[in-house]
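Encoded structure:
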């Protein structure tokens, strides 16, 4: 929920600057002449489905519910792992957004005139890391997010941390730009918002969650989510405080793992709060999202869609692991609970 951080403290101001950087990057499609491996992917047969909110927990941007046709595609069986991302970095020498120093000359042109340059220490490479707090104010997101210098995909909690022994965990602290760069290297692409929801529903009609309609806390463990009262106490009923290794929970009907919980996943679409109202209620085929972004909370900040929820989601808070739940953040932002998976068109 990093896009809602306010501006009443120095920390919030810093994060606001960081998250309003708009690094332009192209939405990649696989090159036609490149042989793309389908290893570790699941074939998703195309079809029709009703996209949008299913119950009273659905938010306004999940309506109106509308019919969508999705063509067949292949999807990663699980989120891209640290090992997979490391192979990409080793072969390309790629440096992620969180590892780069903020270019003040670049971002200053996007800020009000005469905005003072912050101290160089505030422009150091950094990313957002979660911290458990005692507050019950769910509107002050800065209380549980810290902008940690040196936090990145190799050091998820900052200097002194590492991913040794966590090769099969989802890669985190990756921006939309980073995910897109991985896609270009692998010859794949990010899923559209429609493809993600179609895969999450897995053929179930009017199901609230990827596993059905049973609440996440009822019965057998279903996903890596926040257990207990957010953000004050996590009882760790699901055995994981932060991200879990991929495939730690049962797959859905399509054989896909972790589409609910664990980490948020980038989609290719721009976020627009009113996008569903722009689409025909019947007959929308392979929608790829709006041409531009609009978030009424931060109307001057362009954002991309993230889906699936994370280990921080809870029914009393965001319930982001619902099939229809939408979230958004700037394409250059990164955090401890954001990753991605890739898809390939079937034709």
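In the working numbering, the protein residues as written are 279 to 625. Glycine included, every Cβ here is placed at the ideal spot set by N, Cα and C.
Segment limits, alpha helix (DSSP H) that includes residue i
{"i": "residue 585", "result": "Segment 582-585 is the beta strand (DSSP E) holding residue 585; no alpha helix (DSSP H) there."}
{"i": "residue 424", "result": "Per DSSP, residue 424 belongs to no alpha helix (DSSP H); it is in the beta strand (DSSP E), 423-427."}
{"i": "residue 374", "result": "First-last for residue 374: undefined, no H or E at that position."}
{"i": "residue 321", "result": "Unbroken run through residue 321 is the beta strand (DSSP E), 319-322; no alpha helix (DSSP H)."}
{"i": "residue 370", "result": "360-370"}
{"i": "residue 623", "result": "Taken as a continuous stretch (DSSP letters only), residue 623 belongs to no alpha helix (DSSP H), being part of the beta strand (DSSP E) at 621-623."}
{"i": "residue 464", "result": "454-464"}
Residue i classed as buried or exposed, judged by whether at least 16 other C-beta atoms fall within 10 angstroms
{"i": "residue 541", "result": "buried"}
{"i": "residue 622", "result": "buried"}
{"i": "residue 321", "result": "exposed"}
{"i": "residue 361", "result": "exposed"}
{"i": "residue 313", "result": "exposed"}
{"i": "residue 543", "result": "buried"}
{"i": "residue 556", "result": "exposed"}
{"i": "residue 503", "result": "buried"}
{"i": "residue 492", "result": "exposed"}
{"i": "residue 624", "result": "exposed"}
{"i": "residue 394", "result": "exposed"}
{"i": "residue 293", "result": "Model confidence at residue 293 stands at a pLDDT of 38, short of 50, so the residue's coordinates are unreliable and nothing is read from them."}
{"i": "residue 497", "result": "exposed"}
{"i": "residue 341", "result": "exposed"}
{"i": "residue 578", "result": "exposed"}
{"i": "residue 490", "result": "exposed"}
{"i": "residue 339", "result": "buried"}
Beta strand (DSSP E) segment containing residue i, residue limits
{"i": "residue 542", "result": "542-548"}
{"i": "residue 354", "result": "351-354"}
{"i": "residue 555", "result": "Premise fails: residue 555 lies in the alpha helix (DSSP H), 553-556, not in any beta strand (DSSP E)."}
{"i": "residue 326", "result": "325-329"}
{"i": "residue 405", "result": "404-408"}
{"i": "residue 566", "result": "Note, residue 566: premise wrong, no beta strand (DSSP E); not H, not E."}
{"i": "residue 344", "result": "344-348"}
{"i": "residue 606", "result": "605-607"}
Beta-carbon proximity of residue i to residue j, cut-off 8 Å
{"i": "residue 549", "j": "residue 573", "result": "yes"}
{"i": "residue 343", "j": "residue 331", "result": "yes"}
{"i": "residue 532", "j": "residue 459", "result": "no"}
{"i": "residue 470", "j": "residue 545", "result": "yes"}
{"i": "residue 408", "j": "residue 585", "result": "no"}
{"i": "residue 402", "j": "residue 432", "result": "no"}
{"i": "residue 571", "j": "residue 559", "result": "no"}
{"i": "residue 450", "j": "residue 616", "result": "yes"}
{"i": "residue 522", "j": "residue 488", "result": "no"}
{"i": "residue 589", "j": "residue 452", "result": "no"}
{"i": "residue 274", "j": "residue 553", "result": "The structure shown has nothing for residue 274, since the chain only spans 279 to 625."}
{"i": "residue 436", "j": "residue 426", "result": "yes"}
{"i": "residue 601", "j": "residue 486", "result": "yes"}
{"i": "residue 476", "j": "residue 575", "result": "no"}
{"i": "residue 345", "j": "residue 562", "result": "yes"}
{"i": "residue 620", "j": "residue 466", "result": "yes"}
{"i": "residue 527", "j": "residue 594", "result": "no"}
7 Å CB neighbourhood of residue i in its chain, flanking five on each side removed
{"i": "residue 318", "result": "354 and 355"}
{"i": "residue 372", "result": "366 and 459"}
{"i": "residue 484", "result": "332"}
Residues of its chain near residue i, where Cβ-Cβ distance is below 8 Å and the 5 sequence neighbours each way are ignored
{"i": "residue 524", "result": "356, 357, 359, 446, 447, 448, 535, 536 and 540"}
{"i": "residue 369", "result": "463"}
{"i": "residue 404", "result": "296, 376, 425, 426, 427, 428 and 429"}
Residues near residue i in its chain [Cβ-Cβ closer than 6 Å; skip 5 each side]
{"i": "residue 506", "result": "512 and 513"}
{"i": "residue 303", "result": "Here the model assigns residue 303 a pLDDT of 34, short of 50, so the residue's position is not dependable and the matter cannot be decided."}
Handout entry: Residue ranges of each beta strand (DSSP E) within the segment 474-552, 3 or longer
Key = 542-548
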